[in-house]
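Report on the structure given below.
2 protein chains.
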Amino acid sequence: MKAFIITIGDELLIGQVTDTNSGWIARKLTPLGISIVGKISVSDEAEAITNALDFAQAKADLIIITGGLGPTKDDLTVQVLADYFKTELVFNENAFDNLKKRLHSYEVELSPSHRAQSYLPESAILLDNSLGTAPGMWFEQNEKIFIAIPGVPREMKAILEEGIIPKLLKHIEGSVLYHTFLIAGIPESQLAEKLEGIEEALPVFLTLAYLPQLGNIRLRIGGIHEDKHLLAQAIDSLAGKIRKKLGTYLVSEQDVNFAQAIGKLLVDQGKTLATAESCTGGNVAHLLTLNSGSSAYFKGSVVAYANEVKKATLGVKSETLAKHGAVSKQTAEEMAIGVRKTIGTDYGIATTGIAGPTGGTPEKPVGTIWIAVSSKEKTISKKLQLGNNRLTNIEFTSVLVLNMLRKVFLIQKEP
Amino acid sequence: MKAFIITIGDELLIGQVTDTNSGWIARKLTPLGISIVGKISVSDEAEAITNALDFAQAKADLIIITGGLGPTKDDLTVQVLADYFKTELVFNENAFDNLKKRLHSYEVELSPSHRAQSYLPESAILLDNSLGTAPGMWFEQNEKIFIAIPGVPREMKAILEEGIIPKLLKHIEGSVLYHTFLIAGIPESQLAEKLEGIEEALPVFLTLAYLPQLGNIRLRIGGIHEDKHLLAQAIDSLAGKIRKKLGTYLVSEQDVNFAQAIGKLLVDQGKTLATAESCTGGNVAHLLTLNSGSSAYFKGSVVAYANEVKKATLGVKSETLAKHGAVSKQTAEEMAIGVRKTIGTDYGIATTGIAGPTGGTPEKPVGTIWIAVSSKEKTISKKLQLGNNRLTNIEFTSVLVLNMLRKVFLIQKEP
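Here it is as structure tokens:
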């Protein structure tokens, strides 16, 4: 099945809002064997929307339209769809009842524009919106499926997961399964080389997708087959082979982000962590605390931007800073030890370096960064030589220091 | 002038990469009076690219194509453009010389694929790429302009700013000027009400655009007029009226992010800052340190996720935690005072609250957050009642506590 995504809204065209909806939709649909052949963003104008519908339906079997379903004057999608499918707008009692219930729970008064929002195309199958007032709509015409959903990300996601995907699965012949690996410590090109033999021998009904991010890669096996049991076996067998090749590069086989995976390792061992951050400026703590439940293992951080803080709060020695400088093996290690003791945790991790774009010297150019991990048993450190981009350096270093901690766990697990 | 953006690459369709290029381009072009009428993403396939070109040129005078210009087999844009404009690919000596120079500076060996990259459409005007190996291309046909640029964001941005915008300005009749305000502490709807009279009296050659973000708004005056002097005067006069209406909501009239603006205020006063973060988990420190030069005013942070850290490192009293809890006015204020003293800065700011989605109680539901600012003279605090979304709570609180610091500066400035 081929799909085309249409996003509607002036805010997308003037660059006020970045469209993250279509990427999210793509990541949900491609594992179902639906390939996204294109996406288009147009303004809130009837002609532009109609042109986009014409273009999209010539290329795809499934057309997903997001946005333009709100109650204000510039939201034209409902009327345009009614015209496009030559159907009438009729007052939908069900939609209106749902709307009233929802408004009541929000303690919002009913207004005439809400009533107007319940006039919907007669040929639409409604998709309940559990998080908002505008329902989704499903149309079938000329053996093609058209779906219209609100552009508000959380409403779009809820309707897609609760209403659309179960309905789409009925249109897909066979079962769909997938399996995901979170991988770190190996570049994408090297990973592809490692898996070359496996990829060449891949059964036609399975796919292997690489989803690289800064410092880690998500590898996804996807498959569609009429025999669900056989499909599950094939995926299991392939996953087993990949797992063997991955060795210690494998971080997790659950659907978690990298910091969550590290957190889970800490929880499993009943251990706690603190971070001492100079060049990452709090980003490691931020990544960890973005995850709900992180207080179980993350106790705190000292962002030691100034040398005075490295000394006073983390206990880095004045002689160390004078002799080796703030960006050095010795300082990184003393920071990691210091934060572990100050905050009172099992592990301490540290970053110190020149994030750039200025501040480099011939001996320590921009991108020179030291990372360290300390436990009661020992303290290790490593030098990184990254590039000139400040944001990349901060984000990459944050992942690399968490991966260094993971490697320490792996070594400890060895007999 | 109407523009259409075409982005090329499978990675955009499968949701592996979020397209931030087209938003960036839109934000650069709309102030020049160029309206973006649509954007489309297609895969690396000749037919898909050709279809997109047909569709785009029917709607716009300027077509900007990004991506597909690299050296690998799946990069088809050059060949497709040559076919589309019925021009030959010819070896371009200039492009090859530039490429060689660039590779030399990267210490990369010349390969046959690099030579192949220098065969370019004969009718193209080349746009120098100061940051990469693939040049941009400019075509004029049937009174329309087609521009092809690499999809790598930093290369795309460099070519657009250095090569394309100066050339486009020659095609735009009249002068283009704009002026931007960074505003915080007022919701968009209230700001729009405040400026209603001004908007109604806006001269036809000026526009006013609202670009809202979490906790702050960018307001941009843009204008096009053949008489540059008159345009500058009109913008100055309008800016003056708006400035008066904004009062203390005005943060900056420079092109800076919110944390940078706060940093600038600190630099101007020769003051330093430290942060004590519980619910924001290091995000305030992260926002500050994303900006190069922040070490001049930002000295460090204590991310006190655990109560033990609040006590041991920040000096929050055990009785305070026992009597009022970690999420309270008293704890927030003691954290702000504590971090100011521990790190030894002029100002300390603090956040403590329930970021969610779990952890709420009937008395302190999710989204209950206290923020505080402390200086040698005094310590103030404020309760926030935000929503259930963890990420939104973290990001919104970070901006609000920085804005609270800004208000303290304003009060101090008063006679």
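Respectively, the protein sequence lines represent chains A and B.
Letter by letter, the first sequence follows residues 663 to 1077 in our numbering.
Letter by letter, the second sequence follows residues 663 to 1077 in our numbering.
Positions of the beta carbon are idealized from the N, C-alpha and C atoms, including for glycine.
Because the structure is a prediction, the values reported are computed rather than measured.
Terminal residues of the beta strand (DSSP E) in which residue i lies
| i | result |
| --- | --- |
| Ala846 (chain A) | 837-846 |
| Leu788 (chain A) | 787-789 |
| Glu888 (chain B) | That residue, Glu888 (chain B), is in no beta strand (DSSP E); it is neither H nor E in DSSP. |
| Ser1060 (chain B) | Note, Ser1060 (chain B): premise wrong, no beta strand (DSSP E); alpha helix (DSSP H) at 1052-1075. |
| Val1031 (chain A) | According to the sequence as given, residue 1031 (chain A) is Ile; it is not Val. Its beta strand (DSSP E) spans residues 1030-1036. |
| Ser851 (chain A) | From DSSP, Ser851 (chain A) is part of no beta strand (DSSP E) but of the alpha helix (DSSP H) over 850-856. |
| Leu1046 (chain A) | 1041-1047 |
| Lys701 (chain B) | 697-704 |
| Ile726 (chain B) | 724-728 |
| Val752 (chain A) | 751-753 |
Burial state of residue i (16 or more Cβ within 10 Å)
| i | result |
| --- | --- |
| Gly1029 (chain B) | buried |
| Ser914 (chain B) | buried |
| Leu831 (chain B) | exposed |
| Asp737 (chain A) | buried |
| Leu1062 (chain B) | buried |
| Ala994 (chain B) | buried |
| Asn804 (chain A) | exposed |
| Ile834 (chain B) | exposed |
| Ala896 (chain A) | buried |
| Val989 (chain B) | buried |
| Phe1073 (chain A) | Here the sequence assigns Ile to residue 1073 (chain A), which means Phe is not the residue at that position. Exposed, since its Cβ has fewer than 16 Cβ neighbours within 10 Å. |
Cβ-Cβ distance between residue i and residue j below 9 Å
| i | j | result |
| --- | --- | --- |
| Phe920 (chain B) | Ala846 (chain B) | yes |
| Gly944 (chain A) | Thr1013 (chain B) | no |
| Leu731 (chain A) | Phe801 (chain A) | no |
| Glu939 (chain A) | Ala968 (chain B) | no |
| Leu893 (chain B) | Leu839 (chain B) | yes |
| Pro874 (chain B) | Arg882 (chain B) | no |
| Leu928 (chain A) | Thr934 (chain A) | yes |
| Ser705 (chain B) | Leu675 (chain B) | yes |
| Asn1065 (chain B) | Gly1018 (chain B) | no |
| Ile725 (chain B) | Lys806 (chain B) | yes |
| Gly1006 (chain A) | Lys961 (chain A) | yes |
| Ala966 (chain B) | Thr975 (chain B) | yes |
| Ala923 (chain A) | Leu844 (chain A) | yes |
| Ser963 (chain A) | Ser963 (chain B) | yes |
| Val866 (chain A) | Met799 (chain A) | no |
Reference residue i, options the options, closest by Cα
| i | options | result |
| --- | --- | --- |
| Val1035 (chain A) | A:Gln1047, A:Gly909, A:Ile1056, A:Val1001 | A:Val1001 |
| Ser703 (chain A) | A:Trp686, A:Thr680, A:Ile696 | A:Thr680 |
| Gly925 (chain B) | B:Val740, B:Lys763, B:Glu673, B:Leu1067 | B:Leu1067 |
| Tyr1009 (chain B) | B:Val1070, B:Glu981, B:Leu949 | B:Val1070 |
| Ala863 (chain B) | B:Lys903, B:Ser980, B:Gln895 | B:Lys903 |
| Lys721 (chain B) | B:Ile1033, B:Ala665, B:Thr728, B:Ala757 | B:Ala665 |
| Glu755 (chain B) | B:Leu788, B:Glu817, B:Pro693 | B:Leu788 |
| Ile1016 (chain B) | B:Pro783, B:Asn791, B:Gln1047 | B:Gln1047 |
| Lys1038 (chain A) | A:Ala778, A:Ile1011, A:Ser980 | A:Ile1011 |
| Ile1056 (chain A) | A:Leu949, A:Gly977, A:Val978 | A:Leu949 |
| Ala778 (chain A) | A:Val866, A:Trp1032, A:Thr795 | A:Thr795 |
| Ile1033 (chain A) | A:Glu1025, A:Thr1054, A:Thr1059 | A:Thr1059 |
| Thr910 (chain A) | A:Glu1025, A:Thr1054, A:Lys1044, A:Ile848 | A:Ile848 |
| Arg905 (chain B) | B:Gly977, B:Leu857, B:Glu823, B:Lys1040 | B:Leu857 |
| Ala871 (chain B) | B:Lys972, B:Lys829, B:Ala688, B:Ala710 | B:Ala688 |
DSSP beta-bridge partners of residue i
| i | result |
| --- | --- |
| Ala871 (chain A) | A:Arg882 |
| Glu939 (chain B) | B:Val965, B:Thr1013 |
| Phe801 (chain B) | B:Phe808 |
| Thr795 (chain A) | None; Thr795 (chain A) has no bridge partner. |
Residue interval of the alpha helix (DSSP H) (run including residue i)
| i | result |
| --- | --- |
| Ala984 (chain B) | 980-986 |
| Gln992 (chain B) | 991-1005 |
| Val717 (chain B) | Before going further, note that residue 717 (chain B) is Phe rather than Val in the sequence given. Residues 708-721. |
| Phe808 (chain A) | Per DSSP, Phe808 (chain A) belongs to no alpha helix (DSSP H); it is in the beta strand (DSSP E), 806-811. |
| Gly909 (chain A) | It is not in any alpha helix (DSSP H) - Gly909 (chain A) carries neither H nor E in the DSSP assignment. |
| Val929 (chain B) | 920-931 |
| Gly685 (chain B) | 683-691 |
| Leu674 (chain A) | 672-675 |
| Pro828 (chain B) | 827-833 |
| Tyr781 (chain B) | Segment 781-783 is the beta strand (DSSP E) holding Tyr781 (chain B); no alpha helix (DSSP H) there. |
| Val946 (chain A) | 945-951 |
| Val742 (chain A) | 739-746 |
| Pro1027 (chain A) | Here Pro1027 (chain A) belongs to no alpha helix (DSSP H), and DSSP marks it neither H nor E. |
Residue i Cβ short of 8 Å to the ligand SAM heavy atom set
| i | result |
| --- | --- |
| Val1061 (chain A) | Of the ligands one can find in the structure shown there are none, so the ligand SAM has no counterpart to examine. |
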